[in-house]
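Asks: Residue numbers (the working numbering): 47 to 313.
Glycine residues also receive a C-beta, built at the ideal position from the N, C-alpha and C atoms.
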Amino acid sequence: MLEHGEEIIIGIQILMRALNINKAVIGIERNKPDAIARMRELSKDAAGIVVKPLMVKYPQGGEKQLIDACTGRQVPSGALPIEVGAVVDNVATIYAVYEAVQKNKPLISRIMTITGKSVAHPGNYSVRFGTPLSEVIALAGGVPEDTGKIIGGGPMMGRAMNSIDMPAHKRTSGILFLTEAESRRVEPENCIRCGKCVSACPMGLEPYLLSKMVDKQMWDEAEDHAIMDCIDCGSCMFTCPSHRPLLDYIRSGKAKVGGIIRARQTK
Ligand code: SF4
Ligand code: SF4
47 MLEHGEEIII
57 GIQILMRALN
67 INKAVIGIER
77 NKPDAIARMR
87 ELSKDAAGIV
97 VKPLMVKYPQ
107 GGEKQLIDAC
117 TGRQVPSGAL
127 PIEVGAVVDN
137 VATIYAVYEA
147 VQKNKPLISR
157 IMTITGKSVA
167 HPGNYSVRFG
177 TPLSEVIALA
187 GGVPEDTGKI
197 IGGGPMMGRA
207 MNSIDMPAHK
217 RTSGILFLTE
227 AESRRVEPEN
237 CIRCGKCVSA
247 CPMGLEPYLL
257 SKMVDKQMWD
267 EAEDHAIMDC
277 IDCGSCMFTC
287 PSHRPLLDYI
297 RSGKAKVGGI
307 IRARQTK
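1. Examine ligand 1 and report whether any of its heavy atoms sits within less than 7 Å of the Cβ of S209.
2. Does the region 248-261 come close enough to the region 271-281 that 3 or more CB-CB pairs lie under 8 Å?
3. For a test of the three-state rule: what should DSSP assign to M158, helix, strand or coil?
4. Please go through the region 203-281 and give each complete beta strand (DSSP E) segment of 3 or more residues, from N-terminal end onward.
5. Express the C-alpha separation of Q106 and I128 in angstroms, rounding to a whole number.
6. Secondary structure at A70, three-state DSSP: helix, strand or coil?
7. So, for V96: in the same chain, excluding its five sequence neighbours on each side, which residues have a beta-carbon less than 8 Å away from its beta-carbon?
8. Between which two residues does the alpha helix (DSSP H) harbouring L100 extend?
9. Apply the 10 Å Cβ neighbour rule to I113 and answer buried if 16 or more other Cβ atoms are within range, or exposed otherwise.
10. Quick check: the Cα distance between A301 and C243, rounded to an integer number of angstroms?
11. Can you tell me whether V303 is buried or exposed, with buried defined as 16 or more other CB within 10 angstroms of its CB?
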């Protein structure tokens, strides 16, 4: 937004016209005052575009959470944003729309974050798709010696990678190097039914219950308890005092239940 603000406003206007809508809200968390000021300045003469400063909280970027924060509308379980009259696009998509329509340029690169406590040159890198990740990592100073785990994505939703010998692609948002100490998992203990995971879940799910259902392969019950609504935010696991691997269970359950739903739909 700071470097390509004008292009982003044009991208929003293109999408507003394509979707035949007259209002767009740019949601930006309050801890980015420079971006808020910049986008407010650029959008002041753009009809229908408003900038909305948002509370700083995780996970604010999930589309259902963002729609609620920007419009007060709540997307029902299993529904799509369009059912409450909303479409969510992230800033990179808007910029890609601008480049495609105005510059005739397909999406061939993305901004990738390389970070971690021991990374020599952490930062945001513009990376062409197909570039070997090992080359991007070399630019950032190489794999730190004390690396315990390499995470593809961010600290909450990312997944451990078993190799960096692969090309960058559209979904490679970042690489996080955890030190050995950071990557050590604490031994899980029994659930104490404290309910913290339930309070933390932005989707109103019961993570302790879903993890039990997955453990016992109760797929119908897990579907009934809306396991597919989980947005993989990791808040439940982060907050659990017993260090239960809740997200690991729920992710594997989602894969299984998703497969069952797809098979049912193709019958
Ligand atoms: S990861 Fe946990 S907290 Fe986040 S949506 Fe899924 S169940 Fe809820
Ligand atoms: S936060 Fe952990 S200990 Fe508490 S109810 Fe959830 S799974 Fe159980």
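Replies: Reading it off the structure:
1. By one-based count along the sequence shown, residue 209 stands at place 163. S209: no, Cβ never under 7 Å from ligand 1.
2. yes
3. Residue mapping note: residue 158 aligns to position 112 of the sequence shown, counting from 1. DSSP places M158 in strand when its eight states are reduced to three.
4. As far as the region 203-281 is concerned, its whole beta strand (DSSP E) runs of at least 3 residues are 220-225.
5. By one-based count along the sequence shown, residue 128 stands at place 82. By one-based count along the sequence shown, residue 106 stands at place 60. Answer to the nearest angstrom: the Cα atoms are 19 Å apart.
6. Position 24 of the sequence shown, counted from the start, is the residue given in the question as residue 70. A70: strand per DSSP, three-state reduction.
7. Here residue 96 corresponds to residue number 50 of the sequence shown, with the count starting at 1. K69, A70, V71, I72, S89, listed in sequence order.
8. What you label residue 100 is simply residue 54 of the sequence shown in a count that begins at 1. No alpha helix (DSSP H) holds L100; the beta strand (DSSP E) holding it covers 95-100.
9. Within the sequence shown, residue 113 is the residue found at index 67, counting from 1. I113 should be labelled buried.
10. As a working note, residue 301 is residue 255 in the sequence shown. As a working note, residue 243 is residue 197 in the sequence shown. Their backbone Cα atoms lie some 21 Å apart in a straight line.
11. Taking the first residue of the sequence shown as position 1, residue 303 is located at position 257. Counting Cβ neighbours within 10 Å, V303 comes out buried, since at least 16 surround it.
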